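Colleague:
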Amino acid sequence: MLTFVALASVLLLGIVPEQTEAIAIYTGWERHALLGSDIRLSCSFFSWRFTSDDVTFSWTYRPDGSRDSISAYVDNKGPFRDRVEFVGNPSKRDGSILIKNLDYNDNGTFTCDAKNPPDIVGRPSSVRLLVFETVPIQAGVITGAIIGVVLGLLVLIVVIYYLMRFLVARRVFSLSVSKHGKKKREGSQARQGPVPTADPTKVKAASSEKKKQESRKDKK
Amino acid sequence: MLILLAGIFGIHIIGIIILLVATIDNVWWMTDEISTDVWARWIQTQGVWNLTDLPTGSHYPQDYLQAVQASSVLACIFSILGIFVFVAQLFTLEKGQRFTISGAFQLLACLCIMIAAAIYTDRFHLDEKNGWYGHCFILAWIAFSLTFISSIIYFVLRKKTA
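From first to last, the protein sequence lines stand for chains A and B. What the first sequence shows, in the UniProt record's numbering, is residues 1 to 220, in sequence order. What the second sequence shows, in the UniProt record's numbering, is residues 1 to 162, in sequence order.
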């Protein structure tokens, strides 16, 4: 009994660190392609170790409705004969393959498995390939686009409105301080030119300021 | 005065609730075993309701469906923004002025839900005889009239006290 417990604990201790150092493989979730086109299935991995020289990628293919998988590109036989090509760069952790001239028989699940010695335990990741005659509209693209455009226009209109109000208020304000501070403001460059005409505009600005103050007092 | 304010506020809130129910609940068209809408379809098989995707095909145009989705969501957004704008305008508007911006938001919401309901009426379930319109469809049209009335009230109403 004690030896059994000891053996089990040693096994567990042996397995657990390996799992925290497992390799994590990333592929797409689902890829849509047009009949007769080419598609590049990407596969990458994350590993705590440095990329070793013996890093390998392997792809297997399982047709829709079938239960057994075949190898996709290692042997030049089977449905992908002469059509599949390895275009990835193993030293850069890229294990993509290129499949040319797609057919309806290529519908299925492609599984990528990568090994980065000594990190070889991990879960392979699958990407589903769907071949269409015409690529259908993805769910929610038009919806999101319409909502985004309308809300964006609304925000734009509000921003422009407040910007115009702010700019107009700044012009009026800069007219009344040009006599005192002579601070150069961007909006008031044009106004500071003709000095004789500054007086009536200043009077108008001062009177409108007074009116605003009066109306504020009225409100209170 | 306070009763009028409560009534206007109440109409707006009821409009928001009706819009939300019409958008979220999947009951625009019903038959004996399906209940379908703009987001997904409920199919009843052997007494159990299952949620499935909407059918794709020429008789169920995807782009019009997404237009209905987008405009009903936009109607909800505009109405909810409108209630906040109304409360803000209650405190910041000067005496004698009208609640134009709140009315504008409600009018936009009315326009959007009208677009959604009109597209749905015109493009979907044209040939199906056995089936009837569900409560979400009816609520969408009711929300259209409620938001229209609400926006007219906002355009006409003037602020009495500061």
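Quick reminder that beta carbons are idealized off the backbone N, C-alpha and C, glycines included. It should be emphasised that the depicted structure is a prediction, and the values quoted were computed from it without experimental measurement.
Report the neighbours of Val73/B on chain A: residues whose CB is nearer than 8 Å to its CB, in chain order.
Modeller: Neighbours of Val73/B on chain A, chain order: Thr143 and Ile147.
Colleague: Excluding sequence positions up to five away, which residues of its chain have a Cβ less than 6 Å from the Cβ of Gln69/B?
Modeller: Val38
Colleague: Quick one, which of Leu81/B, Ser72/B, Ile153/B and Gly134/B has its alpha-carbon nearest Ala117/B's?
Modeller: Ser72/B
Colleague: From Trp48/A to Gly122/A, what distance separates their C-alpha atoms?
Modeller: 12 Å
Colleague: Rounded to the nearest angstrom, how far is the Cβ of Ala40/B from that of Leu20/B, given a contact under 8 Å?
Modeller: Wrong, their Cβ atoms sit about 17 Å apart, outside the cutoff.
Colleague: Does residue 225/A come out as helix, strand or coil in the three-state DSSP assignment?
Modeller: In the structure displayed, chain A extends from 1 to 220; residue 225/A sits before or after that span and is not available.
Colleague: By alpha-carbon positions, which one of Thr23/B, Leu5/B and Ile11/B ends up nearest to Cys112/B?
Modeller: Thr23/B
Colleague: To be precise: take each residue of the stretch 40 to 56 of chain B, compare its Cβ to all Cβ atoms of chain A, and keep it if any distance is under 7 Å. Which residues remain?
Modeller: Thr56
Colleague: Can you tell which of Ala33/A, Arg93/A, Ala22/A and Tyr61/A has the C-alpha that lies nearest to the C-alpha of Asp54/A?
Modeller: Arg93/A
Colleague: For the structure I just gave you, are there three or more beta carbon pairs, one from the stretch 149 to 161 of chain B and one from the stretch 96 to 116 of chain B, closer than 8 Å?
Modeller: yes
Colleague: Where Tyr133/B and Ala75/B are concerned, what is the direct C-alpha to C-alpha distance, given to the nearest angstrom?
Modeller: 20 Å
Colleague: Would you check if the distance between the CB atom of Trp28/B and the CB atom of Cys136/B is smaller than 8 Å?
Modeller: yes
Colleague: So, is Met30/B buried or exposed, given that buried needs 16 or more other C-beta atoms within 10 angstroms?
Modeller: Its Cβ being crowded by 16 or more others within 10 Å, Met30/B is buried.
Colleague: Does the count of Cβ pairs from the stretch 161 to 172 of chain A and the stretch 87 to 102 of chain B closer than 8 Å reach three?
Modeller: No contact exists between the stretch 161 to 172 of chain A and the stretch 87 to 102 of chain B.
Colleague: Around the C-beta of Gly108/A, are 16 or more other C-beta atoms found within 10 angstroms, so that it is buried, or is it exposed?
Modeller: buried
Colleague: Taking Cβ positions, are Ile97/A and Asp38/A nearer each other than 8 Å?
Modeller: no
Colleague: Can you list the residues of chain B that Val150/A reaches, using a CB-CB cut of under 7 Å?
Modeller: Leu74
Colleague: State the start and end residues of the unbroken alpha helix (DSSP H) segment that holds Ala75/B.
Modeller: Gln62 to Thr92
Colleague: Starting from Thr147/B, follow the beta strand (DSSP E) in both directions and report where the run begins and ends.
Modeller: No beta strand (DSSP E) contains Thr147/B, which is instead part of the alpha helix (DSSP H) from His135 to Val156.
Colleague: Can you tell me where the alpha helix (DSSP H) with Tyr120/B in it begins and where it stops?
Modeller: Taken as a continuous stretch (DSSP letters only), the alpha helix (DSSP H) holding Tyr120/B covers Thr100 to Arg123.
Colleague: Give me the Cα-Cα distance between Val87/B and His12/B, rounded to the nearest whole angstrom.
Modeller: Distance from the CA of Val87/B to the CA of His12/B, rounded to the nearest whole angstrom, comes to 11 Å.
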